[in-house]
C-alpha cells in the first residue's frame, strides 16, 4: 500500500474540499487505477524496524535510509546501485528497487526472486546464503532458522537448502492430491500449506485429496482451439475434499501423518507447533461447522494426544487465528474466540485450562500485534473505540488493565518494536489522507514523521457524509456513507447509486481516507450522482450476532438494512427517488440482483458483477457455514435463489461475469440468464473473457466504464 | 410448411396493402413465431399423389381426403379416429394427426414413431409390417423394399426387420468412431450416413473416425454442477477426421470396406449405388477441395474400379447431388455440375463418357424433380427465368428442347406425377400469399385448388419494393428489398436497419410471399424503421462466379455490395443517413461486425448473432473451401479477422452467442470481447444459455425483443 515518498513534503492537510484554481475531474482511468498509485497519499515506503536496534528504515528514491528513533539521525545505509552491483557479481538479475528487501536480523536483509532466496549483509555488503529453487516453484516458505526453503511444484512439495539438492517431500502422481498448499478454499484463516517447526527440524504440511470432488468445467479461450481447464469445485451439499496433515522430518526424511481420524470431510484449521516441536495443535471443525475441537497431536508419532477444549455454536464457529505461545511460560498460549459475542483473546494452558479472558467488552480484537519481552503487555488492534475505526491497545496480561495507545480518530496501522520501546503509527481518517507518527510504546507521542497532503487538492471532490441509522429491529446501529455530487445544489434532485457488498468478512464504511470508498464513487459524484453505501447486518467488525444474522436465511436481514438506507435516502430533499440504482460485486452482486428483484419498485437500474444467484452452486466451505446444506435448509436455499424472483424484474439489470471465475462459477450468471430467457424477462449481460472473480489490471478500466455507461444510459 | 386448410376459402387475393378497418400491429410474439403458424397462408396440408392412381390426397381436419385429378370427385378415405382405433388395437400410442402418414404404395401409408415403423393399408384398414426398434434410435432409414430399418444408437449402426432381432452392423467402443451418420459436417450435400442398395441386399454406410480431432469444450450448465460436453471440432488447417465407407451384406452379415485410399483426409461425397447393386459411386474430393474424382468401387470386394471423370477448379468444386441413373438405360446417368458457370445437368455413361449436356444457359438448376416413365422428359426446377424465382421446366432428353411449365411470376414448388400425367404447383410471389394449382404435366392448366387470402389483411404492413442495383464492377446485378415504415410519409426521415446474411448457399431476396423477409422485418416497419436487404456476391442461386467471388478473400466483395446498397439508401429522400443500423446472424453476424468495423462511419448500431470473427476458428470443411488453410492464405485470414479492426469501432455493437453453439463456436465472440476489452473498446454482449447456433423455439421471442430493444435504445 505504501507507494511513494518525498521527504520534503510536510504540508499540512487543510480540507478535502479545498480547491486551488479550477478543480479538475477524473478520467475513468484515474478513477479506476489512480487511487493507490497517482493519488495514493504519501507514505514511508518499505517502513520497517531494524532488528535489535532503535532505528527504523525506509526507502527514499534509490536509497535505504536508516533513522535513529531516539536521536533522529538519519543515514543512507544501502543504495540500489550498490545492491545491484553485488547482485551482478553473483550473476543475479538486477533489482528494480529495494522494496523487496526485508530485515531478517540485525545486519541482513532477505531477497527473493523467481528462482532463489538470498540474504544481503549491509555491513559487509555481501550476498550470503543463496538457496536456489526451481523457477516454477510456488508457495516458497523459509524455515525459521533460514536454512531451507519449502516450495511446491505442481501438486507436490519439496525442500531445498543452500548445500543440498531438492528433496521431494511428496511425489503424488495423481493430480487430485495436492500437497503443501492452502486448503479449504481459504475460508478458515488459512493462507498457506506449510508450517515449519520452531527450529526447522520438521515441516508440517497439508495434503488435500480432491480427486473425489466434481470438476467445474472452465474453458481457456486463449488457446488456438479453446481448451477445457477444469477446476475442482465442491458445491454445497456435495462430496468435498479430504485433508490430512503430514509431518516431514528433515533428519529422517520420513513423513508421519497426524491421526486426525474420521469423518474425513472435516476442517483442519489453525495449525501451530508447540515450542518444543513435540506437538502440533489443530482446530478441528466438523463439516457442519458448528463444533470445534482444539486438538493436540504428537508430531513424532502422529497420535492424537488430547482435546484441550471445544467450542460450539448453534450457527457456526470459525476460528481464524492460530494459538500464540507465551515465551516465558511455554505451557501458556493466547487463543482468539468470538464466544462472548465479540472476538477476544483468552489465555489458556496446554492442559486445556482457561487461565483468563484477556480482552473484554464490546468491540472486536482484529489482530494481536505483539507482546513485550517481559510478557507484561499484549498489544492488539481493536474496534472498541468505534466500529468504523481501528486502534492500538495494550492490555496488562496480569492485571487486565487496558489502555488505548492511538488517540486520533481514524484507522491506524502500527509497526511495534518492543525491544526499542517504540511503535510507528500510520493512520488516516475521512479528513486526514495519511500521517506517520512515532510513539513510545506506552503511547507517548514522540514526533510526526510524515503528514501527507491531500492528493485531490486540484480535483473536484464530492463531499462525504458519514451517517448512522437504526436497523428495523429498533436497536442495531448501521453505518453509512453519502458522497454528494460535486455540483451539489440542495434545491436540485440527483440520482443515487447504492454501492453494496453486504457479506461477511467485509466492511465498506470506515473512518479512513475517502471513508473507505473507491475513487470511482467520487468520479460518479463528479458526474452528478449521489453515491451511497451502508454496511448491513452480515458485514464484519461489529459483533458475532451482527455478522451471523444471515445464517440459514441469507439475503433477508441484509436486504432489510439496505432498505433502511433507502428510507434514509428518500428523506433527503435532494434525492430523486425515481432514479435509484444499485451496484455490487460477488456477495454485492447477489445483493444487487436481490434488490432489483425483491423490491423491484425502488431500483431503476442495477449492475451486478460475479453475482451468487443460487447458493447451492456455491462451494462447501463458505456456503455451508452460512447456509447449511441444501438438504438441511431447503427453504433458505429456495428463498435466496434469485432464479425464483426473475419475473419480478422491472428495471434494467446488467449482469457481469468473468468466464474463468472459479469463486462464483459462471453457472450462476448463465443459469440466471437461462431463467430470464425462459420467462421472457429482458436482462443484459457482459462477460469478461480470461478474468476470474474480479476484473483486475487495466481491463478494470473497461469494466468500470461499462458500469458507468449503463447508469448513464438508463438511470 | 403446410399448416392449415379450409376448403371453402377461395377468396381472391386483392392487395397486400388492402386493409379493412383499423389496421393492427404485431406483438413481438406474432412477429417472431407467427409467420409459419397463425399467419401462414392457407395450403393443402399433407398434399401427396397416391401411387399408381390419378388421385391426390391431403388432410382436411381429421380426415385424409382423396381427390380424383381428372374427375374432381373427392372422398374421405381415412379418419384420424379410425386410424387411432387401429393403433389402439395393436397397443400403439395414438397419433395426434394424420400428417405423418406417407404413401409407400398404392394402398399403404407408412407411419413411424420413436420406436417402430409400420404400414397402414387403407383398403383393409389394417396395420402391417411392424418393425420395432430401440426408442433411442436415430437416423432411421428404411430399405427400398421396406423390409428393414437401419438406425444408429450412439456411435454404432444397427439393422432390424419385422422378424429378426437387431443386428449390430458395427460395434465400435471408441466413441470417436461414428458409424452410419452424416459426415463432413453436412457441407457437401450430405444429409445422411446410410445408403441401401436398390433391393436392400446391402447397406453402405459412413464410418467417421474423429478420435484424432481436437475437442471443442462446450459446457452443459443444466446439470446440478455444470458439466463438460465437448464436441469434435476440426478447425481450418488442423487435423481433420477420416472417413471410410463400409458395405454390409444382409446375407453374409459381413462388412466390406471400400478401398478409398490415401490421403485419409479426403471427402467421400454423393454416394450412389449402381442399379445392379455391384458398384458404388463416390465423388471423392481432396482436402483442398479443388479436385474431384468421380470413382466407381466394387460393392462386393471394395476394390477401386475406375475414375469415370474428374472435375477441377482453381477455387473449389462442390458437387452437391448424387448421380441419378436412367431406368431404360442402366449405364446412363445424370450428373449435376457447375462446371460451365451455372449448375446444370449432364448425361454420362458409366464408362465415363459424357453423352451430352442436358440443360444449358444462364440460370441454375436447383433440383431434378423427375423423369417420365418413357424417359423422354426430365423435369427440373431452375432460376433461369429470374434469379428471384423458381420455376418448373422440362427438357427433352433426346432433343434438348426445353419448356418452362410454371408461368406465373413467383416461387414454385411442385408435386409431379408422371404416371398420372399431372403436377400440382404450390406457389407464391410478393403479391400472392399462396396458390395451389393442378396442371397437366405438359404445363396445361387444369384448375385452381386453393387461393389463400392475405393473412395480414387486418394488419398494418409496410410496403415492399424490390430493387435491382449494379455492383461496383459495373455489370453484376444485385437484388434488394426495401420495406417501408407503415406510417410512411415521403417528406419524413426514417432510420434504416440493414438485415444481412451474405454467405454462400443462401438467398434472402425472392419473389415469394413477403419477398423472402421474416415477419419481424414488417414488425420493425410498424415501429418506423426502413428495413433493407441486399443479396451480395457470395450468395446463392446466381452463378458459380457470383458465389465464389469470396474465395480466399472473404468479406471483401460482400462488403462492397452491401455498400452499393447503402449508396442506394443514401439516395432515398426519406432515409435518415445518420441512423443506419445493421443486423445479421452467423455469416450475417460476420458481415454485421465487418460493416460496423470496416466502414464505421456509416453504421450507428449493429447487432451480430453467432458471428464468425476469425475464420481460423471455423471448421475445416466450409472454412477451407472458401478460404484455403490459414497457412496457405495468411493474408486472407488476417484481412478477414475482425479482431484486427476492433479499434475502428465507433457505433454501438451488440454481440449475441449461444453458449453451446457447435457451428460457430463461442470462442469467436469470446475472443472478440477479449480483444475489445484489451483495447479499451466498449461493446455489448448477450449469451443465450443452452442454445446452439440459433436461438429457436419460444426463446426466439426473447432474442428478437432484445435485438429490437437495442435498435430502439440506440439507433
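Chains as they are written, first to last, in my numbering: chain A, 1 to 715; chain B, 716 to 1430. We put the beta carbon where it would ideally sit given N, CA and C, even for glycine.
Looking at the unbroken alpha helix (DSSP H) that takes in residue i, where does it start and where does it end?
i, result
"residue 561(A)", "556–570"
"residue 677(A)", "667–678"
"residue 1152(B)", "First-last for residue 1152(B): 1150–1155, but that is the beta strand (DSSP E), not the alpha helix (DSSP H)."
"residue 700(A)", "699–714"
"residue 28(A)", "28–33"
"residue 1402(B)", "Element bounds for residue 1402(B): not the alpha helix (DSSP H) but the beta strand (DSSP E), 1399–1403."
Just the Cα atoms here: how many angstroms apart are residue i and residue j?
i, j, result
"residue 252(A)", "residue 106(A)", "33 Å"
"residue 1020(B)", "residue 1046(B)", "15 Å"
"residue 615(A)", "residue 116(A)", "43 Å"
"residue 1152(B)", "residue 1142(B)", "8 Å"
"residue 521(A)", "residue 377(A)", "41 Å"
"residue 706(A)", "residue 712(A)", "10 Å"
"residue 1244(B)", "residue 1039(B)", "48 Å"
"residue 168(A)", "residue 974(B)", "55 Å"
"residue 782(B)", "residue 823(B)", "17 Å"
"residue 729(B)", "residue 1404(B)", "Residue placement at residue 729(B) cannot be trusted, given a pLDDT of 38 that sits under 50; what the coordinates show is reported in the next sentence. Approximately 44 Å between the Cα atoms of the pair."
"residue 1022(B)", "residue 1011(B)", "6 Å"
"residue 1344(B)", "residue 1006(B)", "16 Å"
"residue 1114(B)", "residue 1071(B)", "11 Å"
"residue 55(A)", "residue 449(A)", "13 Å"
"residue 484(A)", "residue 22(A)", "19 Å"
Residue i CB to nearest chain A CB: under 8 Å?
i, result
"residue 1224(B)", "no"
"residue 1397(B)", "yes"
"residue 836(B)", "no"
"residue 1041(B)", "no"
"residue 1389(B)", "yes"
Taking the Cβ atom as the reference point for each residue, do residue i and residue j lie within a distance shorter than 8 Å?
i, j, result
"residue 1156(B)", "residue 1136(B)", "yes"
"residue 1406(B)", "residue 1399(B)", "no"
"residue 1222(B)", "residue 1251(B)", "no"
"residue 42(A)", "residue 517(A)", "no"
"residue 566(A)", "residue 604(A)", "no"
"residue 1048(B)", "residue 1065(B)", "yes"
"residue 280(A)", "residue 267(A)", "no"
"residue 779(B)", "residue 793(B)", "yes"
"residue 936(B)", "residue 214(A)", "no"
"residue 533(A)", "residue 582(A)", "no"
"residue 1291(B)", "residue 1210(B)", "yes"
"residue 58(A)", "residue 83(A)", "no"
Could you tell me whether the Cβ of residue i comes closer than 8 Å to any Cβ of chain B?
i, result
"residue 357(A)", "no"
"residue 709(A)", "yes"
"residue 271(A)", "no"
"residue 225(A)", "yes"
"residue 4(A)", "Interpretation of residue 4(A) is limited by its pLDDT of 33, a score under 50 that renders its predicted location unreliable; the figure taken from the coordinates is listed afterwards. Chain B, which has no Cβ nearer than 8 Å to the Cβ of residue 4(A), makes this no."
"residue 531(A)", "no"
With respect to the beta strand (DSSP E) encompassing residue i, which residues constitute its N-terminal and C-terminal limits?
i, result
"residue 1071(B)", "1069–1072"
"residue 267(A)", "267–273"
Got a sec: does the ligand GTP put a non-hydrogen atom nearer than 7 Å to the Cβ of residue i?
i, result
"residue 955(B)", "Of ligands this structure carries none, so the ligand GTP is not represented either."
Quiz prompt | Completely contained alpha helix (DSSP H) runs for the segment 470–545 of chain A, where each covers 4 or more residues | solution = List check, alpha helix (DSSP H) in window: 519–526.
Practice problem: At 3 residues or longer, and completely inside the segment 1110–1145 of chain B: list those beta strand (DSSP E) runs for me, N to C. | Solution: Taking only runs of at least 3 residues, the beta strand (DSSP E) segments lying wholly in the segment 1110–1145 of chain B are 1117–1119, 1126–1132, 1137–1143.
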